[in-house]
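J.: Supplied in structure tokens, the structure appears directly below.
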Amino acid sequence: MKIRVYKKTGNLYDIEVLHPRATVQDYLDAVNEFIEKNTDPPCRGCDECCWERIPLTSIDVYNYLQQANLLQLDKRRPLLDFLEKYCYVYVEGGAVDISLGFTLEGACIFLNQQERICSAYACRSLVCQSFICLESTLRAQELRSELVNAGMDELVRQWLWQSRQAGRKPVAHEAHNPNPNLADYPANGFTDKTSYRQVLLADICSRKLWSKLYKP
């Protein structure tokens, strides 16, 4: 066991990293095991979390792109086409936020509202996989946030780079004085990775957070 997810007093959940080479997939596996063993809650069987913003990482999008039966995309530039058709890209100045698209009612684009289930469950995003319907400690919140933010930064880097390579302006669904700069999105622990098994937590977490999480 490389990561421990457990309940604390006050019905909080917490996380400890037990191995220096623990990966994001180890984290997700530990979260899933915790959910399976703690069904009261942590999941109420509702779809409330599917009506919230769902930020995407570069690996999330890679996983979606592997589902050829799910998506109809331009094979010449699948990432850019996916972002245009299935996502919501918001740009304000140099800041970029990329999330899954949503319906007019505000639900995730992949939510089957009649059956209240995800129609793309097998490739659901990091933020969805790591969601536990319980309050958490601050370090558990920080870990989830740093992983999602690093993965989104890499996705933004790819969005900017591939747009430049295609000789086109980066597509945004909403923009206010847009001025994103590729130099502001350097390579990180997600770069050139296509699986969460390849991403080490130690390469993503800030030193301060790692010192809180890692318990050898």
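If you use UniProt numbering, the sequence shown corresponds to residues 1 to 216, in order. Glycine is no exception: its CB is placed at the ideal position from the N, C-alpha and C atoms. Bear in mind the structure is a predicted one, so any value in this text is a computation, not a measurement.
#1: Name the DSSP bridge partner or partners of Pro55?
#2: Can you tell which of Phe131, Ala175 and Arg124 has its C-alpha closest to the C-alpha of residue 253?
#3: From the DSSP output, in three-state form, read off Leu126 for me.
#4: Is DSSP giving Ser119 helix, strand or coil here?
#5: Nearest-angstrom Cα distance between Asp47 and Trp159?
#6: Let me check understanding here. Comparing Cα to Cα, which of Arg168, Pro180 and Gln141 lies closest to Val5?
#7: First and last residue of the alpha helix (DSSP H) that includes Val17?
#8: Can you check whether the CB of Ser130 is closer than 9 Å to the CB of Asp14?
#9: I'd like to check one pair, Ile98 with Leu56: are the Cβ atoms closer than 9 Å?
T.: The answer reads as follows:
#1: Sequence index remark: in the sequence shown, residue 55 carries index 55 (1-based). Partner residues in the beta bridge of Pro55, as assigned by DSSP, are Ser99.
#2: Past the edges of the chain, shown from 1 to 216, lies residue 253, and the structure says nothing about it.
#3: The residue given as residue 126 occupies position 126 in the sequence shown. In the structure shown, Leu126 adopts helical secondary structure according to DSSP, grouped into three states.
#4: The residue you call residue 119 lines up with position 119 of the sequence shown. DSSP places Ser119 in coil when its eight states are reduced to three.
#5: Here residue 47 is taken as the residue at index 47 of the sequence shown, counted from 1. Here residue 159 is taken as the residue at index 159 of the sequence shown, counted from 1. The alpha-carbon atoms of Asp47 and Trp159 are separated by roughly 30 Å.
#6: The residue labelled residue 5 in the question sits at position 5 within the sequence shown. Each of Arg168, Pro180 and Gln141 was checked against the Cα of Val5, and the nearest Cα belongs to Gln141.
#7: Taking the sequence shown and counting its residues from 1, the one referred to as residue 17 is at position 17. Not the alpha helix (DSSP H): Val17 falls in the beta strand (DSSP E), residues Leu12 to Val17.
#8: Locating residue 14 in the sequence shown gives position 14, where the first residue counts as 1. Locating residue 130 in the sequence shown gives position 130, where the first residue counts as 1. Between Asp14 and Ser130, the C-beta gap is not smaller than 9 Å, which leaves the two residues out of contact.
#9: Within the sequence shown, numbered from 1, the residue matching residue 56 stands at position 56. Within the sequence shown, numbered from 1, the residue matching residue 98 stands at position 98. A contact, by the Cβ cut-off of 9 Å.
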